[in-house]
Amino acid sequence: AKLELIRNFCIIAHIDHGKSTLADRLLELTGTVAKRDLQEQLLDGMDLERERGITIKSHPVRMEYAAGDGNTYELNLIDTPGHVDFAYEVSRSLGACEGALLLIDATQGVQAQTVANVNLAFKQNLKVIPVINKIDLPAANLELCYEQMEEVLALPREEALCVSGKTGEGVKELLEAVVSRIPHPELLDIPGTAALIFDSNYDTYRGVVNYVRVKNGTFRRGTRIRLFNNGIESEVKEVGFFSPEMRAADELTAGSVGYLLPNLKSPSDTKMGDTITDVKDPCPEPLPGFKEVRPMVFSGIYPIDTADYEQLKASMGKLQLNDAAFLYQAETSAALGFGFRCGFLGLLHMEIIQERLRREYNCDIIATYPSVIYNVYMKSGEMIPVDNPVFLPDPSGIERIEEPIINCHIMIPSEYIGDVMNLVMSKRGICTNTVSVDARHVIITAEIPMHEILIDFHDKLKSMTRGYGSMDYEPAGYRADKLVKLDILVNGEPVDAFSSIVHTDMAYGRGRQLAERLKDVIPPQMFQIAIQAAVGGKVIARESIRAMRKDVLAKCYGGDITRKRKLLEKQKEGKKRMKQIGQVNIPQEAFVAVLKAT
Ligand code: GDP
Ligand code: MG
2 AKLELIRNFC IIAHIDHGKS TLADRLLELT GTVAKRDLQE QLLDGMDLER ERGITIKSHP
62 VRMEYAAGDG NTYELNLIDT PGHVDFAYEV SRSLGACEGA LLLIDATQGV QAQTVANVNL
122 AFKQNLKVIP VINKIDLPAA NLELCYEQME EVLALPREEA LCVSGKTGEG VKELLEAVVS
182 RIPHPELLDI PGTAALIFDS NYDTYRGVVN YVRVKNGTFR RGTRIRLFNN GIESEVKEVG
242 FFSPEMRAAD ELTAGSVGYL LPNLKSPSDT KMGDTITDVK DPCPEPLPGF KEVRPMVFSG
302 IYPIDTADYE QLKASMGKLQ LNDAAFLYQA ETSAALGFGF RCGFLGLLHM EIIQERLRRE
362 YNCDIIATYP SVIYNVYMKS GEMIPVDNPV FLPDPSGIER IEEPIINCHI MIPSEYIGDV
422 MNLVMSKRGI CTNTVSVDAR HVIITAEIPM HEILIDFHDK LKSMTRGYGS MDYEPAGYRA
482 DKLVKLDILV NGEPVDAFSS IVHTDMAYGR GRQLAERLKD VIPPQMFQIA IQAAVGGKVI
542 ARESIRAMRK DVLAKCYGGD ITRKRKLLEK QKEGKKRMKQ IGQVNIPQEA FVAVLKAT
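Using the UniProt record's numbering, read the sequence shown as starting at 2 and increasing by one per residue.
This is the structure we're talking about:
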């Protein structure tokens, strides 16, 4: 299409404010998908996404819209995830757009991630259209939304559109606003052909699929291309767009969004944020790229049954093809054997990967306690980054340990200020600022060690504020503190998978709690089991599990063979989900219990 007739935009919002539902309405109203074919939340492809109501990958979709001005426009919509863990995906998608629809749930108002997303959009110079959604709900409070828009986002209330993604009210007007307010794409000042890879996918049948925004020139089947990042050359096998299924096209022209199939075997050859150019008509420099994604949270993932190692490895490889932010490398654990050290963007990202391994790839896995990266400064002057407590050097050689700190913005109704401040303090945080957003809401800014928010901070915040609290964070450097390694010993053997690095003041409480939890979840065995928590070789807590002779067959009197067999099978299955550590069988739940104990 002509540049003047293209609009590229995305929808940004706090999670659950209705992005996917609104996207469905747009698809329907533009006739991209007939109503009868519309499953709910069409763009959320993975089962897990639907279940959890989050969008993990961005799916660009092209719509044709006959506008009130008599022209037919090409609208490219990119759905974006709303969770902090996926902020990198949001910013990547924004790079392919000229405008953004900012959704605000009329019953919830502005939330922490709304603010974070708007700031990202402004940074990328996007035209932001504020959209107040869910106006069909009786609890909708438009006045509050207007007030917050002006106060927090500095967006005039006159610019807001009111819609319901559910009933479709106001959606037609919204499409008109997209056409009239969002600027059309423009060519770059530099010569040559260039497209930005803003996402990639790996399709079993087609191989690497790059989602691209063409900035200059035209790409066709057969175009000889070069990737800027690594200089690799290839030939375009196919170009096309999503509508919402993949549809091959003759060409992808400047200003458009679509997909491109390079003739590459290895998905790792194309990098998100990279520039693709035409070998015959190269552009002189790469497009402004994106920040390299760096994992912040690490955890070990091990097969429960060592025989499944190869299968787990293959599954991780496949997962990574669709999620470049997920990193893994082989490691071994004294307790768990051969497995992988994995890096994630945040805790939600970690949970999603683990769940996908279990569900989509059928892997029986154990995940160890998550860790951040500690900077360990040795007396020798050396600095050792440690992402696994097991590798913390001997304390005698350590001069100091620094841990990552985050700057956290927490938005809550004013009545919860006291509770939330206490929560922040209990997590070794410092409140640095409090500003009121409107008559009823405040944003608390706090510096908190990242390690402390890994497990349950977000859950606690949610329940404490009846779901109204929301948070967003950015890294804020490193800071030294009194940190020690807390070991857990089962029958005298340290179980490295249970180790964690904790603050000295918290070591005793956590050690005791862990020992108690483990006592509850490790079933009695033929001998007594001692569970100890220790810091620097000194035992600080101890529990024991009494011996029990577990003979399931004793329960069956008489000779009911089938019943016996069933029981034996059941017992076998029970064993399968246990991990043998030394002589002790530790069930999978124990590893989860350790995770949840804080
Ligand atoms: P996302 O996380 O931003 O993609 O939000 P979803 O589109 O998944 O919507 C979250 C929830 O809000 C779902 O239960 C939707 O059915 C509901 N929802 C979305 N839009 C509306 C709306 O306009 N009105 C009402 N009543 N509910 C809506
Ligand atoms: Mg969604």
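Ideal Cβ positions, reconstructed from N, Cα and C, are used throughout, including at glycine. These numbers come from a predicted model, not from an experiment.
Looking only at 204, 199, 277 and 26, the smallest Cα-Cα distance to residue 212 is reached by 199.
About 15 Å separates the CB atoms of residue 516 and residue 494; that is not less than 8 Å, and the two are not in contact. Within the same chain, Cβ atoms closer than 8 Å to the Cβ of residue 389 are found at 299, 301, 332, 342 and 372, the five residues on either side in sequence being excluded. Of 415, 546, 338 and 349, the smallest CA-CA separation from residue 527 is found for 546. DSSP places residue 20 inside the alpha helix (DSSP H), whose first and last residues are 20-30.
In this structure, DSSP gives residue 185 a state outside helix and strand, which the three-state scheme calls coil. With a beta-carbon spacing of about 6 Å, residue 408 and residue 448 fall inside the 8 Å limit used to define contacts. Counting along the chain, residue 226 sits inside the beta strand (DSSP E) bounded by residues 225-228.
Restricting attention to 249, 235, 287 and 476, the CA atom closest to the CA of residue 264 is found in 235. Set against 7 Å, the gap from the CB of residue 520 to the closest heavy atom of the ligand GDP is not smaller. In the same chain as residue 248, and ignoring 5 residues on each side of it, the C-beta atoms closer than 7 Å to its own belong to 241 and 242, in chain order. By the neighbour-count criterion, in which a residue is buried when 16 or more other Cβ atoms sit within 10 angstroms of its Cβ, residue 153 is buried. Collapsing the DSSP output to three states places residue 426 in a helix. C-alpha of residue 510 to C-alpha of residue 492: approximately 21 Å in a straight line. Judged by DSSP in its simplified three-state form, residue 281 adopts coil rather than helix or strand.
In this structure, residue 210 keeps its C-beta atom at 8 Å or more from the C-beta atom of residue 257.
Counting the other Cβ atoms within 10 Å of the Cβ of residue 187 gives fewer than 16, which makes it exposed.
For residue 146, no beta strand (DSSP E) encloses it; the enclosing alpha helix (DSSP H) starts and ends at 143-149. Less than 8 Å divides the Cβ of residue 132 from the Cβ of residue 102. The ligand GDP has no heavy atom closer than 7 Å to the beta-carbon of residue 140. The beta carbon of residue 272 lies closer than 6 Å to those of 230 in the same chain, with the five residues before and after it left out.
Secondary structure note for residue 356: it is in no beta strand (DSSP E), and the uninterrupted alpha helix (DSSP H) holding it is 348-360. Taking 7 Å as the cut-off, one finds no heavy atom of the ligand GDP near enough to the beta carbon of residue 60. For residue 114, there is no enclosing beta strand (DSSP E); the enclosing alpha helix (DSSP H) covers residues 113-124. Annotated as distal: residue 12 and residue 121, with beta-carbon spacing of 8 Å or more. Pairing residue 404 with residue 375 gives a Cβ-Cβ distance under 8 Å. Shown here, residue 544 sits in a strand according to DSSP, grouped into three states.
With fewer than 16 other beta carbons inside 10 angstroms of its own, residue 529 counts as exposed.
Below 8 Å, too few C-beta pairs join the segment 140-155 and the segment 174-186 to call them touching: fewer than three.
Going by DSSP, residue 522 is part of the alpha helix (DSSP H) stretching over 505-522. When 279, 368 and 533 are compared, the shortest CA-CA separation from residue 303 is found for 368. Residue environment for residue 61: buried (at least 16 other C-beta atoms within 10 angstroms of its C-beta). For residue 459, the distance from the CB to the nearest heavy atom of the ligand GDP is not below 7 Å.
Rounded to the nearest whole angstrom, the C-alpha separation of residue 97 and residue 237 is 20 Å.
Taking 8 Å as the cut-off, the Cβ atoms of residue 384 and residue 420 do not count as close. Here residue 452 carries a helix assignment [DSSP, helix/strand/coil].
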